[in-house]
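Student:
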Amino acid sequence: MKNPLKTIRETKPLVHHITNWVTIYDCANITRAFGALPVMAHAPEECADMTKISSALVLNIGTLTPEIINSMLLSAATANEMKIPVVLDAVGVGATKFRDETAAKILGSVHIDIIKGNYSEIAKLAGEKAETKGVEATLISADPEKVAKEFAKSSSSVVVMTGKEDVISDGCRTIIVKNGHEFMGSIVGTGCMAASIIASFAAVNPDYCFAARDALCYFGVAGELAAKKSAGPGSFKVNLYDEVFNLSDEKVKDMMNVEER
Amino acid sequence: MKNPLKTIRETKPLVHHITNWVTIYDCANITRAFGALPVMAHAPEECADMTKISSALVLNIGTLTPEIINSMLLSAATANEMKIPVVLDAVGVGATKFRDETAAKILGSVHIDIIKGNYSEIAKLAGEKAETKGVEATLISADPEKVAKEFAKSSSSVVVMTGKEDVISDGCRTIIVKNGHEFMGSIVGTGCMAASIIASFAAVNPDYCFAARDALCYFGVAGELAAKKSAGPGSFKVNLYDEVFNLSDEKVKDMMNVEER
Amino acid sequence: MKNPLKTIRETKPLVHHITNWVTIYDCANITRAFGALPVMAHAPEECADMTKISSALVLNIGTLTPEIINSMLLSAATANEMKIPVVLDAVGVGATKFRDETAAKILGSVHIDIIKGNYSEIAKLAGEKAETKGVEATLISADPEKVAKEFAKSSSSVVVMTGKEDVISDGCRTIIVKNGHEFMGSIVGTGCMAASIIASFAAVNPDYCFAARDALCYFGVAGELAAKKSAGPGSFKVNLYDEVFNLSDEKVKDMMNVEER
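Residue numbers (our numbering), protein chains in the order written: chain A, 12 to 272; chain B, 12 to 272; chain C, 12 to 272.
(1) May I ask you to verify whether the stretch 217-231 of chain A touches the stretch 43-58 of chain B, counting CB pairs closer than 8 Å and requiring at least 3?
(2) State the CB to CB distance for the pair C/Asn91 and C/His122, rounded to an integer number of angstroms; the pair is presumed to be in contact (CB under 8 Å).
(3) Considering A/Ser180, what are the terminal residues of the beta strand (DSSP E) in which it resides?
(4) Taking CB distances under 7 Å as the criterion, tell me whether B/Arg224 reaches chain C.
(5) In angstroms with no decimal places, state the Cα-to-Cα distance between B/Gly187 and B/Asp181.
(6) Restricting to Cα atoms, I'd like to know which of A/Ala214, A/His28 and A/Val104 is closest to A/Glu142.
(7) Give me the chain A residues within the contact set of B/Val33, using Cβ-Cβ distance strictly less than 7 Å, ordered along the chain.
(8) Would you list the residues sitting across from B/Asn129 in a DSSP beta bridge?
(9) Could you check whether the stretch 243-259 of chain C touches the stretch 155-175 of chain C, counting it as contact only if at least three pairs of C-beta atoms, one from each stretch, sit closer than 8 Å?
(10) If you follow the beta strand (DSSP E) that C/Asp100 is in, where does it begin and where does it stop?
(11) Using 7 Å as the limit for Cβ to Cβ distance, is C/Phe109 near chain B?
(12) Taking the CB atoms as reference points, tell me whether C/Val232 and C/Val269 lie closer together than 7 Å.
(13) Would you list the residues sitting across from B/Asn71 in a DSSP beta bridge?
(14) Tell me which residues share the same chain as A/Leu9 and place their Cβ nearer than 6 Å to its Cβ, disregarding the 5 neighbours each side in the sequence.
(15) At least one CB of chain E closer than 7 Å to the CB of A/Lys94: is that the case?
(16) I'd like to know whether the C-beta atoms of B/Gly200 and B/Asp37 end up nearer to each other than 7 Å.
(17) Using a Cβ-Cβ cut-off of 7 Å, state whether A/Thr74 counts as contacting chain C.
(18) For B/Leu150, does the three-state DSSP call read helix, strand or coil?
(19) Quick one: grab the DSSP three-state call for C/Val199.
(20) Run the CB neighbour count on C/Arg110, radius 10 Å, all protein chains shown included, and call it buried at 16 or more, exposed below.
(21) Candidates C/Ala238, C/Val146 and C/Leu136: which alpha carbon is nearest C/Pro155's?
(22) Is the CB of A/Val3 under 7 Å away from at least one CB in chain B?
(23) Listing by chain order, which chain B residues have their CB less than 7 Å from the CB of C/Glu147?
(24) Look at the alpha carbon of C/Leu236 and the alpha carbon of C/Pro96, and state the distance between them as a whole number of angstroms.
(25) Check whether the Cβ of B/Tyr252 lies closer than 7 Å to any Cβ atom in chain C.
(26) Does any residue of chain B have a CB that is nearer than 7 Å to the CB of A/Asn257?
(27) Short check: CB of B/Ser211 to CB of B/Ile80, under 7 Å?
(28) Which residue comes first and which comes last in the beta strand (DSSP E) that contains A/Ile282?
(29) Would you say C/Ala101 and C/Ala114 are within 7 Å of each other, going by their C-beta atoms?
(30) Please determine if the stretch 239-248 of chain B and the stretch 145-161 of chain B are in contact, where contact requires at least 3 C-beta pairs separated by less than 8 Å.
(31) With 16 as the cutoff for other CB atoms within 10 Å, does A/Thr22 come out buried or exposed?
(32) Name, going along the chain, the residues of the stretch 60-88 of chain B whose beta-carbon falls closer than 9 Å to a beta-carbon of chain A.
Have a look at this one:
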């Protein structure tokens, strides 16, 4: 896809989120800053109806409860029927048994098009030995690229591992995204925001592997530009929103730092 | 009322919110920036007690569930008994059947003093043909001023339709507020914040039609002032809070852009 | 403890929160800015497991429900067994009977290491005559230092009363912290953030009385530095995060404004 950002801004896809209570505002606000339309609706009475009018679905298990999981399954089943992309952000997998089991239950019940998490979350999901410190990645012993590729094959999903370098794989192609800035890890929520952005790009691009790559590049470039002007995480977050808003496909083209293997 | 902002800041009315999980912080924070005191309490065990010590009540159905609706009805009934203003923010009406039915249930069970929404939300509530894209207004075929006026008459409420131009009516008076800036639509939450501000002004002014007008003018003026200093939605939101905090009745007087019809 | 901030940044303690939906993001984000790792998890299915891998627990009753209270008791019991510090932020005690009873229930069921609240919240908890206006302190007739000291003795907890001057007591030592800036009261959430910071300091310092003192000093110093650069509550909050991030033990040493009685 040639101009994904322009396409998002022109078509304004509705991106339905069933997400956590910590970063819910930033998930909505970054979706809007990129030009898509966010909507959050988690009641079982309406979540499938909201998915029906949406162009992508984000499931984020950051503060999950059994009620929320039920709604996630209802919405994901609807998304599967409609063939719109479903992004699972596996927040905290590897920290508690409940998160591990919930993620497994979701993956076993519906099709997830894009599975996203940090290194230890994805490694744990993929069956490797890994522990997550709350929602923070810890070092994994396995090779991230291999984990992403194998897990993508076995799950028939695009797998996205975020970290200093992001690893994306659909089982055939494996892409490393090197854009971004360490300030992005100094504020809470950039991981969750990344899932919303991936969903926004996947809403307009049926090649989910490239959609994920573009999403992380564009977000990373905005982060690099914002970091130059920032004295700390407060000003960084403000500048990040400004840079996303003022981003263009042209601007990103010159700054993309991607390797395909 | 001559100096509504000064009055809010001197009397510090408590504004009780039962609201959504996306913009709940900004609803609280903007209420505080205007000088009122926000409180959020949604448990059925305490919500009526909290309403009892409050001067206004905001109901926002942005992320509603049956439990939340139950609490809304309890608090609104208490507010009606105490004759304090109840503001309903009809977020997402026109997007799902559940939202439409919930809004209808609330309007049929308790008295709402001020019904607020964007053009398509209010049009749908008023029985017109209208659809809402998640929580985003779509074009309506009906004349907004007529919709507001007729719906105000039939509901015995002040009706507030927010958009590029805001339309306010109590069935007799119809007021157009032209203050504001397009940056306000570039961030998530300004609509919800507007409801909190309307409630803060209505808490000190028994003429709810003028309270709503003042609320939207003051907020809009702050938005215009903030926009001049802002490079994007990040800096705009920061400046918006600063400008609200530094607002005065005098400053707004010169910048009010209102038409009464 | 000589360099508490350096210690937090090197050991990165995990701070588990069961908290309210209004300020949950800022509780997480300030924890991160100080160098600790926040995690929020409230489902009864996992909350005790999350506490088990944590170094401190924050309970904040700002938007409590019976389900949340149940999870708080599960996590606090686990924290007690593990001997990690439990901070209770008594938000809104003195506003409704439900809050009063809930706080009493928590205090009667588990051991709270640090009880924090504003003047009227703590006075009410301590059995004095006091009313809270939503979540806002009102004047109390009792002497705050005496209240803190007596209540610390009777509860075997460190008691922290926040206000223009903060009062901390463990029943023997009583400490007054005078750092801070009035801008901190102009935004929603600094009180809740203070509880997260206290928990972060207590996670690395077994002397909870001094941990609370340090937490409030460091936060207050950051507030003073931020205020100098700020035009209102919007820019203040941005600068507050930047100043916390750029704080050092050395910087604070020169600015600490503390009295021990």
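In this text, a Cβ means the ideal position worked out from N, Cα and C, and glycines have one as well.
Tutor: The structure says:
(1) Output reads no: the stretch 43-58 of chain B does not touch the stretch 217-231 of chain A.
(2) Rounded, the Cβ-Cβ distance is 5 Å, consistent with contact.
(3) It spans Asp177 to Ser180 - the beta strand (DSSP E) in which A/Ser180 sits, taken as one unbroken run.
(4) Judged by the 7 Å Cβ criterion, B/Arg224 is not in contact with chain C.
(5) The residue asked about is misnamed: residue 187 of chain B is Ile in this sequence, not Gly. Rounded to whole angstroms, the separation of the alpha carbons of B/Asp181 and B/Ile187 is 12 Å.
(6) The shortest Cα separation from A/Glu142 among A/Ala214, A/His28 and A/Val104 belongs to A/Val104.
(7) The answer, in chain order, is Ile35, Tyr36, Ala39 and Met51.
(8) Note: B/Asn129 sits in a beta bridge opposite B/Thr173.
(9) Because the criterion of three Cβ pairs below 8 Å is not met, the stretch 243-259 of chain C and the stretch 155-175 of chain C do not touch.
(10) It spans Val97 to Asp100 - the beta strand (DSSP E) in which C/Asp100 sits, taken as one unbroken run.
(11) Chain B contact via Cβ: present.
(12) Pairing C/Val232 with C/Val269 gives a Cβ-Cβ distance that is not under 7 Å.
(13) Answer is B/Asp100, bridged to B/Asn71.
(14) This structure does not reach residue 9 of chain A, given that chain A is present from 12 up to 272, and the question cannot be answered.
(15) In the structure shown, chain E cannot be found, because the protein chains are A, B and C.
(16) Yes, Cβ-Cβ distance for B/Gly200 and B/Asp37 is below 7 Å.
(17) It does: the Cβ of A/Thr74 has a partner Cβ on chain C nearer than 7 Å.
(18) Coil.
(19) Looking at C/Val199 - three-state DSSP - the assignment turns out to be coil, as it is neither helix nor strand.
(20) Buried, since its Cβ has 16 or more Cβ neighbours within 10 Å.
(21) Of the candidates C/Ala238, C/Val146 and C/Leu136, the one whose C-alpha sits nearest the C-alpha of C/Pro155 is C/Leu136.
(22) The shown model of chain A, from 12 to 272, leaves out residue 3 of chain A, and the question about it has no answer.
(23) Within chain B, the residues near C/Glu147 are Leu48.
(24) Cα to Cα, the separation comes out at about 29 Å.
(25) Output row for B/Tyr252: interface = yes.
(26) Yes, A/Asn257 lies at the interface with chain B (some Cβ there is under 7 Å from its Cβ).
(27) No, the pair does not count as a contact, with Cβ atoms beyond the cut-off.
(28) A question about residue 282 of chain A goes unanswered here, because the residues of chain A that appear run from 12 up to 272.
(29) Their beta carbons are under 7 Å apart, which means C/Ala101 touches C/Ala114 by this criterion.
(30) Pairwise C-beta distances place the stretch 239-248 of chain B out of contact with the stretch 145-161 of chain B, as fewer than three of them are shorter than 8 Å.
(31) With fewer than 16 Cβ atoms within 10 Å of its Cβ, A/Thr22 is classed as exposed.
(32) Under the 9 Å Cβ criterion, the stretch 60-88 of chain B contributes Gly73, Thr74, Leu75, Thr76, Pro77 and Ile79.
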